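**Q** Residue numbering for the sequence shown follows the working numbering, beginning at 21 and increasing consecutively. The C-beta atom is built at its ideal place from N, Cα and C for all residues, glycine as well. These numbers were taken from a predicted model, which means no experiment stands behind them. Pasting a structure below so you can have a look.
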Amino acid sequence: MTTNPSYAQERETSEGKVFTVTGGDWDTVVSGTDPVSDERLIVNMGPQHPSTHGVLRLILELEGETVREMRSVVGYLHTGIEKNLEYRNWVQGTTFVTRMDYLAPIFNETAYSLAVEKLLGIEDEITERATTIRVLMMELNRIASHLVWLATTGMELGAISIMLYGFREREYILEIFEMISGLRMNMAYVRPGGVAQDVPDSAVAKIREFLELMPKRLKEYEDLLSGQPIWIERTQGVAVLDVTGCVSLGVTGPVLRSAGLPWDLRKTMPYCGYENYEFDVPTSNDADVWGRYQVRLAEMRESLKIVEQALDRLRPGPIMVADKKIAWPAQLAIGVDGLGNSLEHVAKIMGQSMESLIHHFKLVTEGFRVPPGQVYVAIEGPRGELGAHAVSDGGTRPYRVHFREPSFVNLQALPAMAEGGLIADVIAGGASLDPVMGGCDR
21 MTTNPSYAQE
31 RETSEGKVFT
41 VTGGDWDTVV
51 SGTDPVSDER
61 LIVNMGPQHP
71 STHGVLRLIL
81 ELEGETVREM
91 RSVVGYLHTG
101 IEKNLEYRNW
111 VQGTTFVTRM
121 DYLAPIFNET
131 AYSLAVEKLL
141 GIEDEITERA
151 TTIRVLMMEL
161 NRIASHLVWL
171 ATTGMELGAI
181 SIMLYGFRER
191 EYILEIFEMI
201 SGLRMNMAYV
211 RPGGVAQDVP
221 DSAVAKIREF
231 LELMPKRLKE
241 YEDLLSGQPI
251 WIERTQGVAV
261 LDVTGCVSLG
271 VTGPVLRSAG
281 LPWDLRKTMP
291 YCGYENYEFD
301 VPTSNDADVW
311 GRYQVRLAEM
321 RESLKIVEQA
331 LDRLRPGPIM
341 VADKKIAWPA
351 QLAIGVDGLG
361 NSLEHVAKIM
371 GQSMESLIHH
381 FKLVTEGFRV
391 PPGQVYVAIE
401 GPRGELGAHA
411 VSDGGTRPYR
421 VHFREPSFVN
431 LQALPAMAEG
441 GLIADVIAGG
451 ASLDPVMGGC
461 DR
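Dropping the structure here:
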């Protein structure tokens, strides 16, 4: 830094360096002598809940209130799930992957199960009822995940009421999950070959009640937020990332669609029979936090359509493949401990058939063998493309499983969104990506 002594003489004091400005053009004097003009402050934001939308650490280089540089630091929630899969059989792997993105457990399970089924070569043997149940559960899970996004983003931007309402409706969905699987989260419900147990009639009735209730609640959310001046100020024109930036960084899901590209794997690369369902792919051209808010609200409405169609397609039939060498026992019952084999099934295999008991024991303890090979299967999760890359060496355990997790990939976009903006908008931009750090760190 250079100083012009004729304009600003300096002297050291106990409070620091003092400049005495004696004349000249003020802009010239300040640019040459003001010690703050080039000074930047390094700040750690996070890891904390809320604000960084999870245990995410952001290192910000600030110039006043403006973010000049940002780095994301991940790994605080690392669970080693992908490595743990190598020490469990193929079906036990479901209980691990369900815990990755803990707000979208059904999607984790489905991507993993589809990959295992592709390795086994049994994709065409999955029953119609099992596939329909998977779609039904995934779309309910998508709504629940988007509700958490709406609730927590509202809280982080000061809209406390929407947090309470969002979690209220999510609770309704979790009750449905509990009726079907015995658990609210991390259910390990979708398994290679089908699903763990059938959907009871009581759950179908509760889902139909939800289909009547939810459209009204979505309207209430919009009435509460969309015309609110502070919400508009905090979201419109904030954390802009256009379609070129999204594609360059590999960003998928609602963030990509809010930039105008209708890329949704349910339409572009259909799986689980999605090509037979009528629904739209909501998009926006805003490419900002406001656009992502609009897209996610619209996606919840489309998911309600798919859930209704899935209920209408739910024909009676088996929920697990017929091959007994692969089919994990699906004769389950919800007990005081959550979920286990039904007493009738246990009595049958223990009291009537020694062969069934031996087979059950071998299948549960050792598992089935999967032919050597590797596959990649991608599905459309709430946050974007969730892909499972599974490798088998012909044994009863995965040789390697690696997930393409949208939270991890999408976080690359945060510096592009935040740099040059205000520190307050870091919160809005980060939240609009909807990262779940359990999925990011795995």
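Taking C-beta to C-beta, are residue 67 and residue 60 nearer than 7 Å?
**A** no
**Q** What are the uninterrupted segments assigned as beta strand (DSSP E) that are 3 or more residues long and contained completely in the stretch 370-410, given in chain order?
**A** 393-401
**Q** Considering only the beta carbon of each residue, do residue 259 and residue 74 sit closer than 7 Å?
**A** no
**Q** Determine the direct distance from the alpha carbon of residue 215 to that of residue 339, and round the result to whole angstroms.
**A** Within the model, the alpha-carbon separation for residue 339 versus residue 215 is close to 6 Å.
**Q** Quick check on DSSP: helix, strand or coil for residue 83?
**A** strand
**Q** Please give me, in chain order, every unbroken run of the alpha helix (DSSP H) with length at least 4 that falls completely inside the stretch 103-180.
**A** 113-117, 125-140, 148-176
**Q** For residue 284 versus residue 400, is the C-beta spacing smaller than 7 Å?
**A** Yes.
**Q** Quick check on residue 144: buried or exposed, where buried means 16 or more other Cβ atoms within 10 Å of its Cβ?
**A** exposed
**Q** Bridge partners for residue 74 per DSSP, in chain order?
**A** 68
**Q** At 4 residues or longer, and completely inside the stretch 300-336: list those alpha helix (DSSP H) runs for me, N to C.
**A** 309-333
**Q** DSSP three-state label for residue 432, please.
**A** helix
**Q** When you compare each of 217, 227, 436 to residue 88 by their alpha carbons, which one comes out closest?
**A** 436
**Q** Find the nearest neighbour of residue 200 within the set 447, 157, 289, judged by alpha-carbon distance.
**A** Ranking the options by Cα distance to residue 200, first place goes to 157.
**Q** For residue 93, list the residues DSSP reports as bridge partners.
**A** 77
**Q** By Cβ distance, which residues of its chain are closer than 8 Å to residue 3, with the 5 residues on each side in sequence left out?
**A** Shown here, the chain extends from 21 to 462; a query on residue 3 therefore has no answer.
**Q** What are the boundary residues of the beta strand (DSSP E) that includes residue 421?
**A** 420-424
**Q** Rounding to the nearest angstrom, what Cα-Cα distance links residue 54 and residue 36 in this structure?
**A** With a pLDDT of 48 at residue 54, under the threshold of 50, the predicted position of this residue should be treated as unreliable, though the coordinate-derived value follows. Distance between the alpha carbons of residue 54 and residue 36 is about 13 Å.
**Q** Tell whether a beta-carbon distance below 7 Å holds between residue 397 and residue 208.
**A** No, these two residues do not count as a Cβ contact at 7 Å.
**Q** According to DSSP, is residue 205 part of a helix, a strand, or is it coil?
**A** coil
**Q** Answer with buried or exposed for residue 404, where buried requires no fewer than 16 other C-beta atoms within 10 angstroms of its C-beta.
**A** Around the beta carbon of residue 404, 16 or more other beta carbons lie within 10 angstroms, which makes this residue buried.
**Q** Look at the alpha carbon of residue 454 and the alpha carbon of residue 427, and state the distance between them as a whole number of angstroms.
**A** 7 Å
**Q** What does DSSP give as the partner residues of residue 442 in its beta bridges?
**A** 86
**Q** Assign residue 264 to one of two classes, buried (16 or more other C-beta atoms within 10 Å of its C-beta) or exposed (fewer than that).
**A** Its Cβ having fewer than 16 others within 10 Å, residue 264 is exposed.
**Q** For my contact list, residue 433 and residue 271 are in at a C-beta cut-off of 8 Å; report their separation, rounded to the angstrom.
**A** 5 Å
**Q** For residue 478, count neighbouring C-beta atoms within 10 Å of its own C-beta (all shown protein chains included) and say buried if the count is 16 or more, exposed if not.
**A** Nothing about residue 478 can be read from this structure; the chain reaches only from 21 to 462.
**Q** Alpha helix (DSSP H) containing residue 221: first to last residue?
**A** 221-245
**Q** Identify whether residue 214 lies in helix, strand or coil by the three-state DSSP scheme.
**A** In this structure, DSSP gives residue 214 an extended state, which the three-state scheme calls strand.
**Q** Measure the C-alpha to C-alpha separation of residue 445 and residue 85 and round it to an integer number of angstroms.
**A** A straight-line Cα-Cα distance of about 10 Å links residue 445 and residue 85.
**Q** Going along the chain, which residues of its own chain have a beta-carbon closer than 6 Å to the beta-carbon of residue 279, five neighbours each way excluded?
**A** 262, 263, 266, 307
**Q** Residue 111 and residue 212 look like a contact to me (Cβ under 8 Å); what is the Cβ gap, rounded to whole Å?
**A** 6 Å
**Q** Between residue 407 and residue 424, how many whole angstroms is the CB-CB distance? I'm expecting something under 8 Å.
**A** 3 Å
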